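Anchor point for the sequence shown: position 104 equals 104 in UniProt numbering, and the numbering is continuous, going up by one each time. Think of the CB as a built atom: it goes at the ideal place given N, C-alpha and C, for glycine as much as any other residue. Since this is a predicted model, take the numbers as computed values, not measurements.
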Amino acid sequence: RLSLFNLRPSLPNNPSTTDIIRLDQYFSTKTCVVSVVNRNFSQKGKDTRPYFDVSVGNEHITAQVDTGCNLSFLGLAAFYLLGKPNLQIIYDDSFYVTTANGVLQNTLGCVLMPITLCYMTKVCEILVTLSLSEGLVLG
Numbered sequence: 001r002l003s004l005f006n007l008r009p010s011l012p013n014n015p016s017t018t019d020i021i022r023l024d025q026y027f028s029t030k031t032c033v034v035s036v037v038n039r040n041f042s043q044k045g046k047d048t049r050p051y052f053d054v055s056v057g058n059e060h061i062t063a064q065v066d067t068g069c070n071l072s073f074l075g076l077a078a079f080y081l082l083g084k085p086n087l088q089i090i091y092d093d094s095f096y097v098t099t100a101n102g103v104l105q106n107t108l109g110c111v112l113m114p115i116t117l118c119y120m121t122k123v124c125e126i127l128v129t130l131s132l133s134e135g136l137v138l139g
């Protein structure tokens, strides 16, 4: 078993369908367990951080996996996903988030978002933070 908090950007040389990764959603205290099949991690150019290709409804998006983050965020690049059916923001601007560079980020609230990875769908609570340039960050 691999925990995202101990995960390196690359998987073992020969991952099997029995390898498991746990995505802990501390914001909602729920756990999303997914199977790792054929290296589902991807990378963007020279960026060595891990990414997953996920689906939100019928939309496909590349989500960054941030092992140092204990919350998940929807940034400006993926804000359009909120216009999709059944994705409504729960407005609550009382959350303030500090990023790794020490910058305080405002949030609009959260959204319950069905995220599909490896043919498994899990509804996760995602904070909406338009000041982040990344689309979707899974913490």
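Query                                                                                                     : Result
Ser72 versus Ile126: straight-line alpha-carbon distance, rounded                                         : 5 angstroms
Nearest neighbour of Val97, chosen from Asn86, Gln64 and Gly109 [CA to CA]                                : Gly109
Complete runs of the beta strand (DSSP E) confined to the region 87-111 [at least 3 residues]             : 89-91, 96-98 and 104-106
Nearest candidate by alpha-carbon position, reference Leu104, set Ser94, Leu112 and Val56                 : Ser94
Contacting residues, own chain, Cβ-Cβ under 6 angstroms from Val123 (five flanking each side not counted) : Leu112 and Pro114
One or two residues paired with Leu136 in a DSSP bridge                                                   : Ala63 and Leu74
Those residues which DSSP pairs with Thr116 across a bridge                                               : Ser55 and Thr121
Candidates Ser133, Thr107 and Tyr80, of which the one nearest Ile90 by Cα                                 : Thr107
Residue burial classification, Ala100 (beta-carbon count within 10 angstroms, cutoff 16)                  : exposed
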